[in-house]
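As structure tokens, the structure follows; a few thoughts come after it.
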Amino acid sequence: MTGPSTLPHVLTGQEASDWLGGFPAREVHFPGGPEELAELVGAARADGRRLAPAGAGTWLDGGGWGRPADAVVSMRRMDTTVHYEPADLTLTVGAGMEWSALSTALDAEGQWLPLDPPGVTSATVGGVVAAGMSGSLRTLYGAVRDNVLGIEGVTGEGRVLRFGGRVVKNVAGYDLVRLLTGSRGSLVAMTAVSLRLYPRPATDRTLLFSGGVPEVLRGGAAVARLPVMAAAVDVDLGDPAELIVRLVGSEVEVSAAAAAVRAAPVTGSLLESDPVEGGESRALHLRRTAWEDGVPWVVRCSALPEHLETTVQVARRIADAWHGDVTAHVQQGVVRVKAGGTLPADAAQDTGKLVLEARARMEAMEGRLVVASAPSEASLARSGAVSPVVKQVQSRLKRLFDPDGVLAPEAPSS
Amino acid sequence: MIPDALHRDLTTACGPDAVIVDEDRLLVYESDGLTAHRHRPAAVVLPRTTEEVQAVVRAISRAGLPIVPRGAGTGLSGGAVAVRGGVIVGTARMNRILVLDAVNRRALLQPGVINAHLSEAARPHGLYYAPDPSSQTTCTIGGNVAENSGGPHCLKYGVTSRYVRGLSVVLSDGSVVSLGGMGREQDGYDLLGLFVGSEGCFGIATEVEVELLPIPETVRTLLAIFDELESAGQAVSDIIGAGLLPAAMEIIDGETIRAVEDSVFAAGYPTDAEAALVIEFDGPEAGIDDDARRAASLCEETGAREVRLARDEEERLALWKGRKKAFGAMGRIAPDLLVQDATVPRTALPRILAGIQTIGRRYGLTVANVFHAGDGNLHPNILFDRRDAEELARVERASKEIMELCVEAGGTITGEHGVGLDKRDYMPLVYGPDELDALWGVRRSFDPDGLMNPGKVLPDVSTAGTT
Ligand SMILES: Cc1cc2nc3c(=O)[nH]c(=O)nc-3n(C[C@H](O)[C@H](O)[C@H](O)COP(=O)(O)OP(=O)(O)OC[C@H]3O[C@@H](n4cnc5c(N)ncnc54)[C@H](O)[C@@H]3O)c2cc1C
Ligand SMILES: Cc1cc2nc3c(=O)[nH]c(=O)nc-3n(C[C@H](O)[C@H](O)[C@H](O)COP(=O)(O)OP(=O)(O)OC[C@H]3O[C@@H](n4cnc5c(N)ncnc54)[C@H](O)[C@@H]3O)c2cc1C
Chain C
135 MTGPSTLPHV LTGQEASDWL GGFPAREVHF PGGPEELAEL VGAARADGRR
185 LAPAGAGTWL DGGGWGRPAD AVVSMRRMDT TVHYEPADLT LTVGAGMEWS
235 ALSTALDAEG QWLPLDPPGV TSATVGGVVA AGMSGSLRTL YGAVRDNVLG
285 IEGVTGEGRV LRFGGRVVKN VAGYDLVRLL TGSRGSLVAM TAVSLRLYPR
335 PATDRTLLFS GGVPEVLRGG AAVARLPVMA AAVDVDLGDP AELIVRLVGS
385 EVEVSAAAAA VRAAPVTGSL LESDPVEGGE SRALHLRRTA WEDGVPWVVR
435 CSALPEHLET TVQVARRIAD AWHGDVTAHV QQGVVRVKAG GTLPADAAQD
485 TGKLVLEARA RMEAMEGRLV VASAPSEASL ARSGAVSPVV KQVQSRLKRL
535 FDPDGVLAPE APSS
Chain R
163 MIPDALHRDL TTACGPDAVI VDEDRLLVYE SDGLTAHRHR PAAVVLPRTT
213 EEVQAVVRAI SRAGLPIVPR GAGTGLSGGA VAVRGGVIVG TARMNRILVL
263 DAVNRRALLQ PGVINAHLSE AARPHGLYYA PDPSSQTTCT IGGNVAENSG
313 GPHCLKYGVT SRYVRGLSVV LSDGSVVSLG GMGREQDGYD LLGLFVGSEG
363 CFGIATEVEV ELLPIPETVR TLLAIFDELE SAGQAVSDII GAGLLPAAME
413 IIDGETIRAV EDSVFAAGYP TDAEAALVIE FDGPEAGIDD DARRAASLCE
463 ETGAREVRLA RDEEERLALW KGRKKAFGAM GRIAPDLLVQ DATVPRTALP
513 RILAGIQTIG RRYGLTVANV FHAGDGNLHP NILFDRRDAE ELARVERASK
563 EIMELCVEAG GTITGEHGVG LDKRDYMPLV YGPDELDALW GVRRSFDPDG
613 LMNPGKVLPD VSTAGTT
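These protein sequence lines map, in sequence, to chains C and R.
One point on numbering: in the numbering used here, the residue at position 289 of the first sequence is 423, and numbering is uninterrupted.
One point on numbering: in the numbering used here, the residue at position 42 of the second sequence is 204, and numbering is uninterrupted.
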């Protein structure tokens with residue numbers, strides 16, 4: 135898990151553009167550690183330049199948090215294991231370590247990081263923590279923020295700060311680890327993170343059912359309400375719709391849970407195909423984290439699980455207009471919409487109105503609609519209105535860590 | 163004593179019976195569970211609703227006095243104590259469960275709801291609230307949120323912050339903000355997560371939304387008896403290392419066993435043992451016996467002289483009794499008790515436990531350890547008599563050495579009790595001046611005038627600390 139990568143220290147010109155894939159910046163720097171990064175930040179601050187922290191650069195505009203930058207600083211060269219004692223079930227690594235490399239290394243020790251945010255396959259550890267997004271595994275294992283124990287990062291003033299640590303319980307001082315997790319590079323550029331690990335379950339099995347949309351949704355809801363907690367209850371709203379139930383644990387445990395799932399209301403009326411097992415089960419879910427890969431339009435709707443059917447209706451209206459697809463995390467009440475390149479002509483015109491209407495419906499249920507990705511010319515508000523008090527606290531925090539706005543990203547507060 | 167105008171405002175906001183200024187009645191609010199720190203507030207006010215809290219906070223702010231939130235006062239770091247005077251805002255009357263929503267597995271609570279009452283109310287729905295501090299029959303959810311409290315079963319389930327999904331918070335200027343909310347995917351900074359564990363320094367939580375879990379189908383509880391404390395620590399480390407995930411693993415050391423067995427709480431632990439390890443598995447019936455058997459044999463391999471398995475609920479409660487009543491029993495054998503709360507990496511447990519015993523011996527002090535071993539969260543309790551000034555000085559030196567030992571091993575000074583008043587001066591052991599500056603800055607982002615629970619958590623700003 136060690137060995138600094140062979141990347142250059144800086145890219146410019148065409149090489150930079152290739153790496154940036156359309157993100158507006160002129161250079162990409164690859165500092166080798168926090169001190170070197172602090173120097174870069176110090177220099178940028180002195181010259182009034184703006185930097186965008188990055189990992190592998192897979193989702194650089196940070197789902198709407200990004201602002202144009204003069205240069206990108208990627209942590210890819212900080213990819214070593216700082217500390218790993220398997221029996222502690224904790225680990226500290228450089229922020230630039232590739233998620234997939236880390237997963238492979240943990241696998242060898244019979245451990246894993248049960249986090250499955252979108253894009254995790256191509257991401258860095260720092261990028262995942264900076265985004266703070268979660269997937270289906272959250273209900274069983276907690277969100278990303280529940281599994282980050284410590285963060286080292288460089289502020290917009292070039293100070294190297296370390297919060298938290300590598301123990302699983304820690305309440306010394308306010309929980310800045312949670313503040314920084316999900317702050318998308320707007321407060322600090324993370325250089326190292328400590329994470330909580332779990333023993334890899336002996337059995338990993340995914341049950342697959344298909345049927346009509348209403349049946350599959352009701353089946354999913356019934357499974358989510360069982361006393362046994364599934365690791366994932368997802369629904370894909372294709373034709374036919376598919377219910378995907380992931381179970382983890384010991385063999386006896388998983389077999390018993392599978393029996394309970396098959397006995398749940400409605401699932402009996404669905405068509406079950408062969409379950410997938412072990413590595414195949416893992417691969418199936420990993421592929422699902424890349425569901426939005428390469429598409430420009432991504433919307434996430436969320437509300438209480440009980441409102442799932444309505445949330446799906448709202449999401450499907452958008453998907454129908456955009457000729458897109460819909461998938462749902464049943465336990466969390468989260469529904470994702472994606473759509474490809476050019477929207478149908480009539481839809482392109484009404485995009486703003488469509489999203490606003492959908493957002494109003496979500497907010498009427500105390501839910502939320504986030505435009506996670508959209509071409510900039512669509513100029514869609516990323517999220518709903520933020521209360522003035524929250525906005526004020528957010529901007530005080532930004533100023534505290536980055537008084538001169540050297541770090542490009544900013545918390546959305548439309 | 164508070165100014166007349168403030169007295170009038172508080173009375174207008176909450177009614178005369180909700181305002182306490184009588185010196186005798188204020189005595190109760192002088193300290194929390196850590197009786198070493200005593201400071202009498204100028205007044206106590208007991209609002210019933212968010213609106214009343216807003217009115218009360220505005221009035222105290224206008225008077226320029228400190229605002230000290232308080233739940234049940236079971237805290238163990240001097241957090242709910244009015245060290246700089248001012249008014250305690252107690253949540254005792256805000257004790258209603260507002261929503262118990264079984265379908266979405268959540269509850270909406272006023273902050274004064276007692277932790278255990280929530281699980282009782284959820285039980286008929288097959289649900290419960292996972293974080294279970296040993297004080298759960300008295301401590302409040304608001305206090306749990308402010309301290310980010312843990313408990314024995316947090317080994318498997320995680321601490322309070324994992325279960326808090328939404329909050330309404332009144333800030334020191336009287337404004338109310340709503341943070342998070344189940345069903346609203348996080349977007350923007352995680353102010354909800356930041357508020358949890360803020361020890362009353364950011365604002366007063368007036369509504370708390372929490373996630374509930376289905377009650378596990380079944381439980382297996384083991385008690386392993388050891389002749390050496392380090393072996394018990396090793397067993398914990400081996401069980402985790404073997405990939406088992408018990409719901410709880412708690413160690414009671416020899417000193418504590420003897421204190422418990424000498425008291426009315428006697429639980430039948432052998433008094434010549436040096437450690438008792440309680441291990442509990444929960445979950446589906448399928449597979450649980452295998453897990454319990456594997457844990458039992460790992461204990462035997464590390465030298466347990468005896469491993470008992472509870473056969474029914476009555477026996478289970480008996481095995482737990484020594485752990486649950488340890489704190490009360492210790493209170494009976496010494497006038498004063500200094501409760502520590504350091505956390506270390508699990509694999510360091512055997513070495514640190516030995517180190518703590520050595521420090522205790524060197525200072526001629528009795529250190530009784532009863533703790534959340536699975537999480538590496540130690541509670542070395544030093545028994546002493548405060549009237550003996552020389553002994554008190556030794557206690558303080560030993561206490562600092564223990565914390566230093568834990569920090570050196572990669573640990574921290576507090577795992578769940580919070581910094582409060584008690585460990586404020588130890589913060590520089592874990593954070594440098596830049597980190598402390600940032601912590602101050604974050605606090606001011608919520609409370610620019612420094613009225614919320616002043617004198618807690620952070621050492622006073624030095625000249626370097628002004629931002
Ligand atoms: C297919 C796919 C779908 C995705 N879907 C979504 C989605 O729906 N919603 C969503 O919000 N995200 C989404 N993401 C983003 C994803 O959750 C991660 O943020 C991203 O994959 C991380 O990859 P990276 O390491 O390349 O980070 P980058 O793409 O380089 O950076 C991602 C963001 O994190 C910040 N960042 C990265 N590293 C650091 C660091 N070390 N310190 C501080 N800040 C840092 C960047 O400034 C940027 O804002 C998706 C990604 C992919 C590939
Ligand atoms: C016997 C015993 C066993 C214990 N076991 C454990 C244990 O296993 N795990 C554990 O973590 N702790 C334990 N504790 C410590 C204590 O019970 C917890 O810290 C508990 O959460 C405190 O709750 P409380 O209602 O008593 O809060 P208080 O002591 O009244 O206050 C604690 C802090 O919370 C703040 N506060 C209270 N209410 C609010 C609010 N509504 N909004 C904002 N701030 C607020 C106060 O200002 C103070 O800083 C134990 C204590 C005792 C006495």
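C-beta atoms are modelled at their ideal positions from N, C-alpha and C, and glycine is treated no differently.
Separation of residue j from residue i, as counted between CA atoms
i               : j               : result
M565 of chain R : L404 of chain C : 58 Å
S223 of chain R : G177 of chain R : 19 Å
V557 of chain R : L527 of chain R : 7 Å
A519 of chain C : S547 of chain C : 7 Å
R470 of chain R : A242 of chain R : 40 Å
E373 of chain R : V357 of chain C : 18 Å
D622 of chain R : A560 of chain R : 24 Å
G281 of chain C : D335 of chain R : According to the sequence displayed, residue 281 of chain C carries Asn and not Gly. Looking at the two C-alpha atoms, the distance is approximately 33 Å.
K472 of chain C : V410 of chain C : 26 Å
V398 of chain R : M411 of chain R : 7 Å
S517 of chain C : I377 of chain R : 36 Å
M496 of chain C : E443 of chain C : 12 Å
G198 of chain C : D349 of chain R : 11 Å
L515 of chain R : L500 of chain R : 17 Å
G240 of chain R : G582 of chain R : 5 Å
L479 of chain R : A491 of chain R : 17 Å
R493 of chain C : V505 of chain C : 10 Å
Any non-hydrogen atom of ligand 2 within 7 Å of residue i CB
i               : result
S296 of chain R : yes
V230 of chain R : yes
P203 of chain R : no
L238 of chain R : yes
F489 of chain R : yes
Interface flag, residue i vs chain C, CB-CB below 8 Å
i               : result
G638 of chain R : Because chain R in this structure spans residues 163 to 629, residue 638 of chain R falls outside the shown range and cannot be described.
S399 of chain R : yes
R285 of chain R : no
G342 of chain R : no
N277 of chain R : no
G627 of chain R : Here the model assigns G627 of chain R a pLDDT of 41, short of 50, so the residue's position is not dependable, and the following value carries that caveat. Not an interface residue.
Interface flag, residue i vs chain R, CB-CB below 8 Å
i               : result
G539 of chain C : no
T476 of chain C : no
M363 of chain C : yes
S517 of chain C : yes
Q528 of chain C : yes
V520 of chain C : yes
D280 of chain C : yes
V301 of chain C : yes
L531 of chain C : yes
Any non-hydrogen atom of ligand 1 within 7 Å of residue i CB
i               : result
D427 of chain C : yes
G241 of chain R : no
G191 of chain C : yes
Unbroken beta strand (DSSP E) run spanning residue i, endpoints
i               : result
P231 of chain R : I229 to R232
R467 of chain R : A466 to L471
S328 of chain C : V322 to R330
The alpha helix (DSSP H) enclosing residue i, as first and last residue numbers
i               : result
V350 of chain C : V347 to A358
N306 of chain R : I303 to E309
Determine contact between the stretch 262-279 of chain R and the stretch 292-307 of chain R, defined as no fewer than three beta-carbon pairs at a distance below 8 Å.
Yes, they touch.
Does the stretch 299-309 of chain C come into contact with the stretch 335-342 of chain C, if we say contact requires no fewer than three beta-carbon pairs (one atom in each stretch) closer than 8 Å?
Counting Cβ pairs under 8 Å, fewer than three are found: no touch.
Quick check: the stretch 458-477 of chain R against the stretch 507-522 of chain R, are there 3 or more CB pairs under 8 Å?
Touching, no.
Do the stretch 584-597 of chain R and the stretch 311-327 of chain R make contact, defined as three or more Cβ pairs closer than 8 Å?
Too few Cβ pairs lie closer than 8 Å, so no.
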